[in-house]
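Asks: Numbering (mature numbering (1 follows the signal peptide of the UniProt record, and there is no 0)), first residue to last: -23 to -1, 1 to 177.
In structure tokens:
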């Protein structure tokens, strides 16, 4: 019986030691935010100076260290998931002007098209935005949102005029200095209906 206990203790000790060693090994492998950004920029064929709305998040998915790298260049929005241990690109998506993603998500185009053709509100909202009868201009709403984020510029903001429950609202977000701010502004009064800040 004593021999069995000793053997069990020895096996547990070895297993524990192996776990610690492998744990140290995997947690020690971290390419870092700068390398994750470099990999994403290289794949997209851009340099960091070309980008705006840059956001890098470190995360774990099923125990795997990942970096989520998001940025905009002109009218395109890029989103990358990168393996934090070896730098492998796990997924890469590009969206243009809010349209469906072009890479790795071909099925999404059909879904969006189906949604637009199936609802009467969506096309009229999108096409009628320019002629919408609102008291607050898009420029004023943008200025009000940017005023709340010192240092942010027009390149850091994305905003749309939406028609929701009989009201026009400006809905959008500002991504600046590794922080994301989401907002909704009443298009008639200019009051902020929502303002939230997410730190990274």
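From the three backbone atoms N, C-alpha and C, an ideal C-beta is built for every residue, glycine too. Bear in mind that the values here come from a model prediction, so they are computed numbers and not experimental data.
Over what stretch of residues does the alpha helix (DSSP H) that includes residue 120 continue unbroken?
Replies: Unbroken alpha helix (DSSP H) run through residue 120: 115 to 124.
Asks: CA-CA distance, residue 165 and residue 139?
Replies: Going by the C-alpha atoms only, they are around 12 Å apart.
Asks: Is the CB-CB distance between residue 133 and residue 153 below 8 Å?
Replies: Result yes, Cβ atoms of residue 133 and residue 153 sit closer than 8 Å.
Asks: At what residues does the beta strand (DSSP E) containing residue 58 begin and finish?
Replies: Run containing residue 58: 53 to 60, per the beta strand (DSSP E) assignment.
Asks: When you compare only the Cα positions, how much space is there between residue 244 and residue 57?
Replies: Lying outside -23 to 177, the shown extent of the chain, residue 244 is not represented and no answer is given.
Asks: For residue 67 and residue 111, I'd like the C-alpha separation in whole angstroms.
Replies: Residue 67 and residue 111: Cα-Cα distance of roughly 43 Å.
Asks: Label residue 125 either buried or exposed according to how many other C-beta atoms from any shown protein chain fall within 10 Å of its C-beta, with 16 as the threshold for buried.
Replies: When all chains shown are included, residue 125 counts as exposed.
Asks: Give me the Cα-Cα distance between residue 84 and residue 158, rounded to the nearest whole angstrom.
Replies: At residue 84 the pLDDT is 38, less than 50, meaning the model places this residue with poor confidence; the figure from the coordinates comes in the next sentence. Whole-angstrom Cα-Cα distance: 29 Å.
Asks: Cutting at 7 Å between CB atoms, please list the residues of its own chain near residue 36, excluding the five before and the five after it.
Replies: For residue 36, where only same-chain residues beyond five positions count, the Cβ hits under 7 Å are 43, 45.
Asks: For residue 102, which residues of its own chain have a beta-carbon under 7 Å away from its beta-carbon, when the five flanking residues on both sides are left out?
Replies: Since pLDDT at residue 102 reaches only 40, below the 50 mark, its modelled position is unreliable, and the value read off the structure follows with that caveat. Contacts found: 139, 140.
Asks: Note the first and the last residue of the continuous alpha helix (DSSP H) segment covering residue 17.
Replies: Looking at the DSSP string, the run of the alpha helix (DSSP H) that includes residue 17 is 10 to 21.
Asks: With a CB to CB cut of under 7 Å and the five nearest residues on each side skipped, what residues in its chain are close to residue 174?
Replies: Result list for residue 174: 156, 158, in chain order.
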